[in-house]
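Mapping to full-length UniProt numbering: the sequence shown position 63 is 63, numbers consecutive. Here a beta-carbon is modelled for each residue, glycine too, at the ideal position from N, C-alpha and C. These numbers were taken from a predicted model, which means no experiment stands behind them. For reference, the structure is listed below as structure tokens.
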Amino acid sequence: MKMISSTVYKGRNIYSHKKCIKLEVDLEGYSEIASKDIESFNERLLELVPELYTHRCGIDEEGGFVKRLKEGTYLAHICEHIIIALQNSVGINLAYGKAREKNGDIYIIVFQYKYEKAAMEIVKLAIEIINSLIKGSNIDINMKLSIIREIINEEAIGPSTAEIIKGAEKFNMPVIDIGNGDFYQIGYGKQGRCIEAAITSETRCVAVDISCDKLITKKLLDIQNLPVARGQKVSNVLDLLRAADEIGYPVVLKPQFGSKGKGVFVDIRSKKELVKTYDYLKNQFKDIIIEKYHEGDDFRVCIVNNEVVAVSKRIPPFIIGDGLKNIEQLVEDINSTENRGRNHEKPLTKIDIDFIYLNEQGYHLSTVLEKGKKVFLRQNANLSTGGIAVDYTDAISDENKEICVRAAKAIGLDVCGIDICTKDITKSIKGNGVILEVNSAPGLRMHVYPSYGKSRNIGEKVINMLYNNSVQNIPVISVTGTNGKTTTTRIISSILMKMGYCVGMTCTDGIYIDGNCIDNGDDTGADSATCVLLNRDVDVAVLETARGGIIRKGLAYDLADVAVITNVTEDHLGCDGIEDMEDLCMVKSLVAEAVKEDGFVVVNADDKYSLDIIPRIKAQIIYFSKDCNNDYILEAINKDNICVYLREGYICVYNYGREYRVIKVEDVPITLNGVLEFNIENVMAACASLIAMQVDYSMIKIGLSKFELNEKDNSGRFNIYDCNGVKAILDYGHNIDGYRKVLSSLKELAKGNIIGVIGIPGDRSNNDAVRIGKLSGKNLNKIIIKEDKDRRGRRCGEIAELIKNGVLQVNKDSDLKVILDEVEAFRTALMEAKRGDTVIVFFEKRKPLLEVIEYFRKEQEENGYKKIN
1 MKMISSTVYK
11 GRNIYSHKKC
21 IKLEVDLEGY
31 SEIASKDIES
41 FNERLLELVP
51 ELYTHRCGID
61 EEGGFVKRLK
71 EGTYLAHICE
81 HIIIALQNSV
91 GINLAYGKAR
101 EKNGDIYIIV
111 FQYKYEKAAM
121 EIVKLAIEII
131 NSLIKGSNID
141 INMKLSIIRE
151 IINEEAIGPS
161 TAEIIKGAEK
171 FNMPVIDIGN
181 GDFYQIGYGK
191 QGRCIEAAIT
201 SETRCVAVDI
211 SCDKLITKKL
221 LDIQNLPVAR
231 GQKVSNVLDL
241 LRAADEIGYP
251 VVLKPQFGSK
261 GKGVFVDIRS
271 KKELVKTYDY
281 LKNQFKDIII
291 EKYHEGDDFR
301 VCIVNNEVVA
311 VSKRIPPFII
321 GDGLKNIEQL
331 VEDINSTENR
341 GRNHEKPLTK
351 IDIDFIYLNE
361 QGYHLSTVLE
371 KGKKVFLRQN
381 ANLSTGGIAV
391 DYTDAISDEN
401 KEICVRAAKA
411 IGLDVCGIDI
421 CTKDITKSIK
431 GNGVILEVNS
441 APGLRMHVYP
451 SYGKSRNIGE
461 KVINMLYNNS
471 VQNIPVISVT
481 GTNGKTTTTR
491 IISSILMKMG
501 YCVGMTCTDG
511 IYIDGNCIDN
521 GDDTGADSAT
531 CVLLNRDVDV
541 AVLETARGGI
551 IRKGLAYDLA
561 DVAVITNVTE
571 DHLGCDGIED
581 MEDLCMVKSL
591 VAEAVKEDGF
601 VVVNADDKYS
611 LDIIPRIKAQ
621 IIYFSKDCNN
631 DYILEAINKD
641 NICVYLREGY
651 ICVYNYGREY
661 RVIKVEDVPI
671 TLNGVLEFNI
681 ENVMAACASL
691 IAMQVDYSMI
701 KIGLSKFELN
711 EKDNSGRFNI
721 YDCNGVKAIL
731 DYGHNIDGYR
741 KVLSSLKELA
751 KGNIIGVIGI
761 PGDRSNNDAV
771 RIGKLSGKNL
781 NKIIIKEDKD
791 RRGRRCGEIA
801 ELIKNGVLQV
811 NKDSDLKVIL
821 DEVEAFRTAL
831 MEAKRGDTVI
841 VFFEKRKPLL
851 EVIEYFRKEQ
861 EENGYKKIN
């Protein structure tokens, strides 16, 4: 077995609403060989991966997978289960996976993951296990799993970040990883807030810089009459000894710029010890502070938005002798417990012994302590070096709370950890203790996972602070379907912008922020949507969400407020594993499924395949239909649900128990007095979406009446240009249903001959190309067949030949030309057209065609022709 390719889905996707990885694997001749027919395969597999014994595998009993193995199952299915089992064995509790045949030996395996790098290493190991079992060779699985555990340790989210993300999730706020696990954005657009551990987008840089400088911090706190240890910076031994005499022993030495207790030496009681410590410290740190040592316990007070939210007493790591084991063995026993990890991935960190301090106490690693003897292994109590925490939140006095809040304000930090030394936290530290430090980016782990006492929900406090106690996200509107997506998206965006909102829009034409194009191109996928969701100007996100983007990367957003299904018709069948309409509905349905519980899904009640998606929808549905007597419309009215429909030439809305006539169809410019039925559908879809957003009907009416069928409002969608008596129409129609609707409308609009410049993308099926030819042959007076520059794997002229065959099947006498270059084909059509004729071009690239139109206009004007209104 070998892996051909992998696709990582970081959000909701066509396989699952959880993040997944899709593998394409080659079974290399083993697709028809069951594992039971490979010598010792099953037995050795279960020895290597015993977690497989618990897998149910569709059988509602433990051991279901083992039963399948004995009956005979195949390698792709086995690989899926190995991947899940290996993830379980390294502490990742996931269960989703599936495997299916793509073609012969080529299989697709999909599985849920938590850590991407670790997951891909597990995939490699799973394939290696299968290949070793086939060959009968040995494999050291434990060694490889230990490496994977190290990768997980590096990849895992830190506890502070995890706590804040957990807080965001409690408010149903989405979270985007914007920095490989270091930086995250909570919420979208204007409501986006960034975090890096416990540093937030509201944390002031200058406050962080001040807190990192222990000398300036001490000075600012002292100015505010807050209790701090007397001290100063020292530059040489003479300064050191003079300062120690002034302060009085015992003293503390520590770096001016330090963190996590590194380089801190406390309770120094003699000149000899002081000089020795200073000589050691100056080799590691440039700037050193001496201060008065205060005896007492080490407390950490967590402040969020000028409020004490948690207090922990920190205890340095220690061991208790048993009379049998030496110090090294006792530490190993503690470090091997389940709740201790190498860094921050577990509630506690493995103990890091301070050997200097241990030796000063007269102990060595080989020392066997008498039973009950307690020995501290470090002087500092930081959790990052193995300390433990006890919750004291309910014990701290009100006066001490006030002192800590004043300290946080003095430094200017929104989230901070204040270190206090005192013998009794229930009494005021004035005269009874001191503030040692004020820390930016405080570790939250000690408060979330105390060794004793209550866990504190600090993440929720941080989220409330970031949103001023009003946690909310921007609305997301996601538009999908086969045809009409772009027009519907543009109408919604246009009306919302007229209301004063800054709209972030993605569509086939580009990315737009507040009407300004920031990227040209087909921007209907996840990356383009992410661009909008991360933009801090955006009030509302309106996203065209196309099939290709969904298949390639899934959804960029978590849940939409409104989803729109314009229609589901034949397109792209045979591409990307989408073989039939059922497959296509499954892809489109993801958009309808990924909607908030109190959100809405807009569904075309006239479209058969859109209606097939209904069983997957959990949110409230708003139907739209051109027929006021449509069964779904009548049912919605009967249930007093919102719906949109046509009645007596009006677009009507049923809501609040009555019918509202929003606007006459003939007053909506893009319908061309009702001739363009496809645009009537698009207008109704947009209208339904805006009603779901609680937009006023009068505003919808104004917006629809001002949305034009032109380059500015709806470029590339049935745009009509007057080339001195010849109507040139540019349309992005690129599938059968799109052609059918445009050609049907042209039959009503055109007065003279209709000349069509036709073609379709190369990734459409041969049958689609022939059917496009047939449609064109029946509806066009003259035909020029062209091809896209991007042939999508087709040879030059291949698609054109298929279309030509289709034309000739229905009209063997058709006036037909083949000019493969789109621009040249369009130019030829305009040259052959007579005044009163219509030229329709189903284009690939719009801009070069606009240049042709402009050239013809200028040329004709120079020759004295007048424009026809």
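D813 counts as exposed, since fewer than 16 other beta carbons sit within 10 angstroms of its beta carbon.
Per the Cβ contact rule, the stretch 450 to 467 is not in contact with the stretch 529 to 545 (fewer than 3 Cβ pairs under 8 Å). Here M3 carries a strand assignment [DSSP, helix/strand/coil]. Separation of N326 and S366 (C-alpha to C-alpha, rounded to the nearest whole angstrom) is 5 Å. The stretch 46 to 60 makes contact with the stretch 80 to 89, as at least three CB pairs between them are under 8 Å. Counting of Cβ neighbours within 10 angstroms places V206 among the exposed residues, the total staying below 16. The stretch 736 to 744 and the stretch 693 to 704 do not touch, with fewer than three beta-carbon pairs separated by less than 8 Å.
Non-local beta-carbon contacts of L330 in its own chain, meaning distances under 6 Å to residues more than five positions away in sequence, involve I319 in chain order. Around the CB of S5, fewer than 16 other CB atoms lie within 10 Å, so the residue is classed as exposed. Fully contained in the stretch 73 to 125 are the following beta strand (DSSP E) runs of length 3 or more, in chain order: 97 to 103 and 106 to 112.
Here Y392 carries a coil assignment [DSSP, helix/strand/coil]. Under the three-state reduction of DSSP, Y654 is assigned to strand. In terms of Cβ geometry, E437 and T217 form a close pair [threshold 8 Å]. Note that the C-beta distance between I195 and T161 is below 8 Å. Secondary structure note for A563: it is in no alpha helix (DSSP H), and the uninterrupted beta strand (DSSP E) holding it is A560 to I565.
The beta carbons of R342 and I334 sit about 14 Å from each other, so the pair does not count as a contact at 8 Å. Bridge pairing for G504: I513 and A541 [DSSP]. Between the stretch 796 to 815 and the stretch 686 to 696 there are fewer than three inter-stretch CB-CB distances shorter than 8 Å, so the stretches are not counted as touching.
The closest CA to that of S259, considering only L241, F285 and S270, is found on F285. The C-alpha of I495 is placed about 5 Å away from the C-alpha of G703. Note on the stretch 647 to 733: whole beta strand (DSSP E) runs with a minimum of 3 residues are 650 to 655, 658 to 664, 719 to 723 and 726 to 731, in chain order. Comparing C-alpha distances from I754 to each of L743, L274, I152 and E80 shows the shortest one belongs to L743. Taking all protein chains in view, the Cβ of C421 is crowded by 16 or more other Cβ atoms within 10 Å, so the residue is classified as buried.
The continuous stretches of beta strand (DSSP E) do not include C212, which lies in the alpha helix (DSSP H) extending over residues C205 to C212. Per DSSP, K233 is not a residue of any alpha helix (DSSP H); the beta strand (DSSP E) it occupies stretches across G231 to V234. For E832, the CB contacts under 8 Å within the same chain, skipping 5 residues up- and downstream, are I755 and K782 in chain order. Between the stretch 150 to 169 and the stretch 179 to 198 there are three or more C-beta pairs closer than 8 Å, enough to call the two in contact.
Take the alpha-carbon of S715 and the one of G510: they are about 11 Å apart. Secondary structure of I199 (DSSP, three-state): strand.
Looking at the backbone, the Cα of D607 and that of G674 are separated by about 19 Å. DSSP places F65 outside any beta strand (DSSP E); the residue lies instead in the alpha helix (DSSP H), whose first and last residues are G64 to E71.
The Cβ atoms of T524 and G504 do not sit closer than 8 Å to each other. For the 8 Å CB-CB criterion, Q191 and Q472 form a contact. Of the other Cβ atoms in all chains shown, fewer than 16 fall within 10 Å of the Cβ of Q809; this residue is therefore exposed.
Looking at G11, M1, K2 and T7, the one whose alpha-carbon comes closest to that of A556 is G11.
Following the DSSP letters along the chain, one finds P159 inside the alpha helix (DSSP H) bounded by residues P159 to K170.
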